[in-house]
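Below is one structure; the comments refer to it alone.
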Amino acid sequence: MAQERLQKIIARAGIASRRGAEAIVEAGRVRVNGQVVTELGAKADPRKDRIEVDGKRIEAEDLIYVVLHKPRNVVSTLSDPEDRPTVADYVKDVPARLYPVGRLDFSTSGVLLMTNDG
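Be aware that the sequence shown starts at 35, since it is given in our numbering, and climbs by one per residue.
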(Lines of atoms letter the chains of each structure in order from A and count residues from 1; the text may use other names and numbers.)
(Lines give C-alpha, C1' and ligand atoms only; values in the text may rest on other atoms or scores of the structure.)
Protein backbone atom coordinates (compact mmCIF):
# COMPACT_ATOMS: atom_id res chain seq x y z
CA MET A 1 0.00 0.00 0.00
CA ALA A 2 1.36 3.41 -0.92
CA GLN A 3 1.45 6.42 1.32
CA GLU A 4 -1.88 8.10 2.00
CA ARG A 5 -2.94 11.28 3.75
CA LEU A 6 -3.26 10.76 7.49
CA GLN A 7 -6.85 12.02 7.61
CA LYS A 8 -7.85 9.38 5.06
CA ILE A 9 -6.17 6.64 7.11
CA ILE A 10 -7.85 7.86 10.30
CA ALA A 11 -11.27 8.06 8.63
CA ARG A 12 -10.95 4.59 7.11
CA ALA A 13 -10.07 3.21 10.56
CA GLY A 14 -13.45 4.48 11.75
CA ILE A 15 -12.05 6.93 14.27
CA ALA A 16 -13.63 10.02 12.71
CA SER A 17 -14.98 11.46 9.49
CA ARG A 18 -12.44 13.05 7.14
CA ARG A 19 -13.25 16.50 8.55
CA GLY A 20 -13.05 15.13 12.08
CA ALA A 21 -9.73 13.51 11.24
CA GLU A 22 -8.40 16.86 10.04
CA ALA A 23 -9.24 18.36 13.44
CA ILE A 24 -7.52 15.44 15.19
CA VAL A 25 -4.34 15.98 13.15
CA GLU A 26 -4.35 19.75 13.70
CA ALA A 27 -4.83 19.22 17.46
CA GLY A 28 -1.58 17.25 17.63
CA ARG A 29 -3.26 13.99 18.63
CA VAL A 30 -1.52 11.95 15.88
CA ARG A 31 1.93 10.41 15.98
CA VAL A 32 3.73 8.75 13.09
CA ASN A 33 6.73 6.66 14.13
CA GLY A 34 6.76 8.48 17.47
CA GLN A 35 6.70 12.00 16.00
CA VAL A 36 3.70 14.30 16.52
CA VAL A 37 2.17 15.37 13.20
CA THR A 38 0.02 18.51 12.94
CA GLU A 39 0.34 19.25 9.23
CA LEU A 40 -2.71 18.50 7.11
CA GLY A 41 -1.74 16.56 4.02
CA ALA A 42 1.03 14.68 5.81
CA LYS A 43 1.28 11.14 4.48
CA ALA A 44 2.11 7.75 5.91
CA ASP A 45 1.98 4.10 4.90
CA PRO A 46 -0.24 2.17 7.35
CA ARG A 47 1.59 -1.06 6.49
CA LYS A 48 5.05 0.33 7.25
CA ASP A 49 4.61 3.26 9.63
CA ARG A 50 3.44 3.19 13.23
CA ILE A 51 0.42 5.51 13.32
CA GLU A 52 -1.20 6.38 16.66
CA VAL A 53 -4.18 8.54 17.60
CA ASP A 54 -4.35 9.45 21.28
CA GLY A 55 -1.78 6.73 21.96
CA LYS A 56 -3.79 3.96 20.28
CA ARG A 57 -2.23 2.33 17.25
CA ILE A 58 -4.07 2.17 13.94
CA GLU A 59 -3.57 -1.26 12.41
CA ALA A 60 -3.46 -1.64 8.64
CA GLU A 61 -6.49 -3.49 7.37
CA ASP A 62 -6.28 -6.36 4.93
CA LEU A 63 -7.24 -5.42 1.40
CA ILE A 64 -10.34 -7.23 0.20
CA TYR A 65 -11.70 -7.55 -3.33
CA VAL A 66 -15.09 -9.08 -4.05
CA VAL A 67 -16.48 -9.81 -7.50
CA LEU A 68 -20.25 -9.60 -7.14
CA HIS A 69 -22.92 -10.59 -9.64
CA LYS A 70 -25.34 -7.70 -9.17
CA PRO A 71 -28.90 -8.83 -9.82
CA ARG A 72 -31.46 -6.67 -11.60
CA ASN A 73 -33.39 -4.23 -9.42
CA VAL A 74 -30.53 -3.71 -6.95
CA VAL A 75 -28.87 -0.30 -6.47
CA SER A 76 -25.06 -0.10 -6.96
CA THR A 77 -24.62 1.99 -3.81
CA LEU A 78 -24.27 1.30 -0.10
CA SER A 79 -27.57 2.91 0.88
CA ASP A 80 -30.71 4.09 -0.86
CA PRO A 81 -33.12 6.84 0.25
CA GLU A 82 -35.96 4.91 -1.42
CA ASP A 83 -35.14 1.82 0.65
CA ARG A 84 -34.48 -0.37 -2.39
CA PRO A 85 -32.09 -3.34 -2.13
CA THR A 86 -28.41 -2.34 -2.42
CA VAL A 87 -25.18 -4.18 -3.19
CA ALA A 88 -24.26 -3.71 0.49
CA ASP A 89 -27.01 -6.21 1.32
CA TYR A 90 -25.02 -8.88 -0.54
CA VAL A 91 -21.70 -8.36 1.30
CA LYS A 92 -22.93 -8.08 4.90
CA ASP A 93 -20.82 -11.04 6.02
CA VAL A 94 -17.54 -9.56 4.73
CA PRO A 95 -15.59 -8.23 7.76
CA ALA A 96 -14.76 -4.87 6.12
CA ARG A 97 -16.58 -1.89 4.70
CA LEU A 98 -16.56 -2.43 0.96
CA TYR A 99 -17.24 0.16 -1.72
CA PRO A 100 -18.41 -0.51 -5.28
CA VAL A 101 -15.98 0.27 -8.08
CA GLY A 102 -18.13 1.89 -10.71
CA ARG A 103 -21.84 1.23 -11.00
CA LEU A 104 -24.48 -0.64 -12.92
CA ASP A 105 -27.96 0.71 -13.57
CA PHE A 106 -30.73 -0.38 -11.23
CA SER A 107 -32.42 -2.51 -13.90
CA THR A 108 -29.14 -4.06 -15.13
CA SER A 109 -27.45 -7.23 -13.89
CA GLY A 110 -23.76 -7.95 -14.21
CA VAL A 111 -20.35 -8.11 -12.57
CA LEU A 112 -19.46 -5.41 -10.05
CA LEU A 113 -16.13 -5.17 -8.21
CA MET A 114 -16.25 -4.16 -4.54
CA THR A 115 -13.22 -3.35 -2.40
CA ASN A 116 -11.85 -1.54 0.64
CA ASP A 117 -8.74 -0.56 -1.36
CA GLY A 118 -8.92 3.19 -1.87
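Quick reminder that beta carbons are idealized off the backbone N, C-alpha and C, glycines included.
Because the structure is a prediction, the values reported are computed rather than measured.
Check: Use the C-beta contact count for K104: other C-beta atoms within 10 angstroms, 16 or more gives buried, fewer gives exposed.; Outcome: buried
Check: How many Å lie between L4 and E93 at the Cα?; Outcome: For residue 4 there is no data in the structure shown, the boundaries of the chain being 35 and 152.
Check: Which term fits A122, buried or exposed, when burial requires 16 or more other beta carbons within 10 angstroms of its beta carbon?; Outcome: buried
Check: At what residues does the beta strand (DSSP E) containing V109 begin and finish?; Outcome: Run containing V109: none; DSSP gives neither H nor E here.
Check: Expressed to the nearest angstrom, what Euclidean distance is found between the alpha-carbon atoms of R39 and M148?; Outcome: 22 Å
Check: So, for R63: in the same chain, excluding its five sequence neighbours on each side, which residues have a beta-carbon less than 8 Å away from its beta-carbon?; Outcome: V87 and D88
Check: Helix, strand or coil for K77, going by three-state DSSP, please let me know.; Outcome: strand
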